[in-house]
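Each protein sequence line maps, in turn, to chains A and B.
If you count the first sequence from 1, position 53 lands on 53 in the numbering used here, and the numbers rise without skipping.
If you count the second sequence from 1, position 70 lands on 1070 in the numbering used here, and the numbers rise without skipping.
Think of the CB as a built atom: it goes at the ideal place given N, C-alpha and C, for glycine as much as any other residue.
As the structure is a computational prediction, the values presented were derived from the model and not from experiment.
Taking it in order: structure first as structure tokens, then the write-up.
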Amino acid sequence: MTLSKLSLRNAQRQARDYLVYFVTIVMAAALLYSFNGLVFSQEVQFLSDEMKVLPLVIILASIVVVCVFGWLVNYATGFMLSRHSRELGNYILIGLTNRQVVRLFFLENLSAGGAALVAGLALGGLLYQILRAILFAMFGLPYHFSLTFSVPAAGLTLFYFTLIYLHALRKSRKRIRRMKIYDLIYYEKQNESIMIQKGKSRRRMFTVSILLGVAGTILLMTGELMTGIIGAGCLIAALFGFFLSFASGVPAFFDKRPAFKYQGQNLLIFRTLAAKLSTMGIVMAIISMIFTATIMTEGGGLVINGIFRGRFTENASFDLYFAIEEEDRDPGPYLDYISEHIPVEQSVLYQVYLTGSPALRNYIGSRTVYPYYNYDQDPVLRWSDYAALRSIAGYPAAEPEPGRYLIHCMAYLEEPLRNYDQPVSLGNITLSPGSIYTEHLSQSYGVTNGYGYILVVPDEAVEGLAVHHLAYAAKTVQPVPAAQYDALQEPPVDYAFVSTKANENAQVAIQTALFVFPLFYLALALTMTAATILTIQQLSETERYRRQFQLLKKLGMDRREMARALRNQFAIYYTMPAVPPLLIGVPFILNLASLTEPGIMVGMNSPLVIVAISLGIFFLIYAIYILLAYTGLKRNVLPQSTEFR
Amino acid sequence: MLQVQNIEKYYGSKNNVTQALNRVSFDVEDGEFLAIMGASGSGKTTLLNCISTIDTISAGKILLDGVSVADLSETELARFRRERLGFVFQDFNLLDTLTIEENIGLALSLNHRDPGTVQNRVRDIAQKLGITDILPKFPYQVSGGQKQRAACARAMVAGQTLLLADEPTGALDSKASKNLLEIMTVMNRDMGATILMVTHDAYSASYAKRVLFLKDGRVFNELLRGDRGRPVFYHEILDVLAALGGDVSDVI
């Protein structure tokens, strides 16, 4: 058998034994290829001018993703090297040179990587179509499925893969060349001595890390930025301390509590875990950090998306809107352009007045978060203008309430305003409080219908009030095309604030593509990498678990109990690295979401929903890996055969 | 205590059936130390696996205190193993992630004994078997002889009445073997353990009170030690082995 044949056979075995890893590499290739597809796609860049930045953003994200996958491949290659060290040692024993063994290992990994790349490119083609469909839907364009193969995208993916594999194999080559036959054959024995770590310093570290973890969690829960950062720091230190000292902390803990140790399955579960963690403490801490980064990245992406969508929902109430602040400016040129180019169904030209008093603003400010913005007095609308605006926005007509003023506000201000019972005096007219309306009515930009709230008064009450700005809102026959929106922004008519529903929608799509796509791309790569490492570590213990459960069977443990022990071991093993990310990630997302203007993040974009979705996505992917590992291990460790009935 | 009645065991598929045990019958009395000898492939480990309920028999009956083990359910079998049987294997079969003390205590843990009393019971039996010093150590830190004594402790700590030993001296040097066999004798004589030991080593077998010889899956011969000294019994065993056709150098 030639070396290349042997390598090929070993590569097949690698794909079978480390199926989860192989699938992840296929997915890695698919992810890289599909996002590279966006980099080279002409049609995607033609969606909008801003989308021309997308290739740069994707390439920057890809660099991070390549580093993450690079680490995975490097770790997995090193891991396989150690697992197959006896076999490699035997090759040298029968006369192969170290150099030949390096080549053998190199070819084996290259074949497995190459196969993964080919499969990944096929899968990536489909994934690219999904990304394309999402993008087109976001821009409101019709999508047609067309399976294409992008040579430059495949080339770039190949380039990334070459980097990843060359790096990993260069490191393995160094290790194999340095190794002696004895080291290779007795590699497992070297591991055994690391398995048990004692010593007072480690035990102290265990206690300190537990205390730090508790302190960090409490600090994070305060919700203050600085204490939160210190808390996160404490948790990270606790994380490393905990995973590094767990293996010696558990025996010390048990020594003091023999009754607890021998209770139920405690001994078996915690000792097995301690043994596992003693050889992978740092890796476990890094995995935990990666999970934290994943949840933060997903949460960050969703928060950004939520901000854009929230702003869009609030401010894109009208198909076409413009406002002029300066008193001496004439809306005429805008109106002329519109009447000439944009067919309009209904429109209103109106003014936003000021009451002369900030009474309502002060009242709101004393009861809830209300950032002062652009209005130093309470803004006012005439009833007739308000009725027209409601009609243009497609809302049902409001009932006029003589002698009263209405309030139209963002939903989050309804609660504090409901109790406002002060009358408003405008000139010689005094109005008492009336109904409150909360539909979206463009209320969170500077020159829109107030900032967060606006008073609506009878037409005659605005006599003599100061004007804040002049505005125009219209319902158009067709969505306003980008070219016409641009024309309204260009000289000589560039003195108004212009907004169109179509443009706002495109902006959401662009920002989502530029921020959310790369962040989720990164999050996916991070989760898959960390979950794969956890899983190959767990599956590599199959033989040890099998021996352990066979012995336990002989000692009289029944199958149900064995299955429970395995399940508990699994649950703790996979839960441990996921707890710190929850403690750090959730407060982070909540804090991030609170940084934007209030009243925007509501409904599906509310912080708690974002937390739930972020955790949902993360745990869904995580659960797939856990399930794969558990079923694989259970099948091999607790077979349903007569031999093991 | 144990009655083995006409048991047969077949392995393999339709076209390739191997008979491992052929109508084997014998009884083991309470407090007896019985050795089963035979060359490789004679069926002795299969016999031990069937008695220990790890393997099933094709025909016949195995009764322990009058109860047929074939009639027990999976849960009852597990309970039966942990309460009644103790195992000592050639390769020790200690869990390398547990200390010696924990390896012994595990048997009690599995038996759902009061966790508070486990440590004392382990220390008690460790003292009897002379392994107190090594209790806090891990298997890889102690010698083969010590590991096997720990395995003996585990096999008895939960009050198991029948100790099944499969080539217990197979991985030990002669000094450690002698030491272990003496301890097994003490366990049998002073601690009331009934021992069934499978071995191909005549020296080990000479510590038993009775030796059964298996050949090609059948009981070929039986030797009783009676009042004779161990060295005399040893030579008698060698004589039977010679008659069995095996090479003496194979079995020493």
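### Message
Taking only three categories from DSSP, how would you classify F139 (chain A)?
### Response
coil
#### Entry: Distance between Y337 (chain A) and G452 (chain A) (C-alpha atoms, nearest Å)
30 angstroms
### Within 9 angstroms of chain B by C-beta, residues of the region 535-557 of chain A in sequence order
R544, R547, Q548, Q550, L551, L552, K553, K554, L555, G556 and M557
### Task
Please determine, among A:H469, A:A411, A:D459 and A:K554, the residue with the shortest C-alpha to C-alpha distance to S606 (chain A).
A:A411
### Query
For a contact meaning CB atoms closer than 7 angstroms, what does Q263 (chain A) contact in chain B?
P1115
### Query
Of all Cβ atoms in chain B, is any one closer than 8 angstroms to the Cβ of L638 (chain A)?
no
### Query
Comparing alpha-carbon positions, which option in A:A593, A:V609 and A:R567 lies nearest L627 (chain A)?
A:R567
### Query
Closer than 8 angstroms, CB to CB, is F1092 (chain B) near chain A or not?
no
### Message
For L88 (chain A), which residues in the same chain have their Cβ closer than 6 angstroms to its Cβ, ignoring the five residues on either side in sequence?
### Response
V101 and L184
### Query
Secondary structure at I1032 (chain B), three-state DSSP: helix, strand or coil?
A small fix is needed here, since residue 1032 (chain B) is Glu in this sequence, not Ile. If DSSP states are grouped into helix, strand and coil, E1032 (chain B) belongs with coil.
### Query
Could one say the Cβ of L267 (chain A) lies closer than 8 angstroms to chain B's Cβ atoms, at least one of them?
yes
### Query
Quick one: what does DSSP say T527 (chain A) is sitting in, helix, strand or coil?
helix
#### Entry: Chain-ordered residues of the region 1052-1075 of chain B with a beta carbon less than 8 angstroms from chain E
No chain E appears in the structure shown, which is made up of the protein chains A and B.
### Query
For A259 (chain A) and chain B, any beta-carbon pair shorter than 8 angstroms?
yes
### Message
Helix, strand or coil for M1001 (chain B)? Go by DSSP, reduced to three states.
### Response
coil
### Message
What does the Cβ neighbour count give for E1101 (chain B), buried or exposed, with the cut at 16 atoms within 10 Å?
### Response
buried
### Query
Any contact of the region 275-294 of chain A with the region 579-597 of chain A, i.e. 3+ C-beta pairs under 8 angstroms?
yes
### Task
Would you list the residues sitting across from P379 (chain A) in a DSSP beta bridge?
A:L354
### Where M195 (chain A) sits in the DSSP three-state scheme
Its pLDDT being 44, under 50, M195 (chain A) is placed unreliably in this model, and the value from its coordinates should be taken loosely. Residue state, collapsed to three classes: helix.
### Query
Where does R16 (chain A) fall in DSSP's three states?
helix
### Task
Can you tell me which of A:L244, A:N74, A:I621 and A:Q346 puts its alpha carbon nearest to the alpha carbon of V477 (chain A)?
A:Q346
### Query
Taking 8 angstroms as the CB-CB cut-off, is L1244 (chain B) touching chain A?
no
### Message
Mapping the DSSP letters down to three states, classify E490 (chain A) as helix, strand or coil.
### Response
coil
### Task
Using alpha carbons as the reference points, say which of A:Y472, A:N505, A:L389 and A:L235 lies closest to L335 (chain A).
A:Y472
### Task
Would you kindly report the start and end of the unbroken beta strand (DSSP E) that includes E1222 (chain B)?
R1218 to L1224
### Task
Return no unless some Cβ of chain A is closer than 8 angstroms to the Cβ of S1109 (chain B).
yes
### Query
Would P1168 (chain B) be called buried (16 or more neighbouring beta carbons within 10 Å of its own) or exposed?
buried
### Query
Any idea if L166 (chain A) is buried or exposed, counting beta-carbon neighbours within 10 angstroms, 16 or more meaning buried?
exposed
### Query
Using a Cβ-Cβ cut-off of 7 angstroms (strictly less than) and excluding sequence neighbours within five positions of A530 (chain A), which residues of its own chain qualify?
I287, I290 and F291
### Task
Could you check which residue in A:P396, A:E490, A:R564 and A:Y75 has the C-alpha nearest to that of I282 (chain A)?
A:Y75
### Message
So, with DSSP's three-state summary, where would you put M1197 (chain B)?
### Response
strand
### Message
Output needed for G1170 (chain B): all residues of its chain with C-beta closer than 7 angstroms, excluding positions within five of it in sequence on either side, in chain order.
### Response
Q1090
### Task
Could you please give the first and the last residue of the uninterrupted beta strand (DSSP E) stretch that includes P647 (chain A)?
An answer regarding residue 647 (chain A) cannot be provided, because it is not within the stretch 1 to 645 covered by chain A.
### Message
Distance cutoff 8 angstroms, beta carbons only. Does G1105 (chain B) sit that close to anything in chain A?
### Response
yes
### Message
What does the alpha-carbon distance come out to for the pair L32 (chain A) and F618 (chain A)?
### Response
20 angstroms
### Message
Under 8 angstroms, with one C-beta from each stretch per pair, do the region 514-522 of chain A and the region 601-615 of chain A reach the 3-pair mark?
### Response
no
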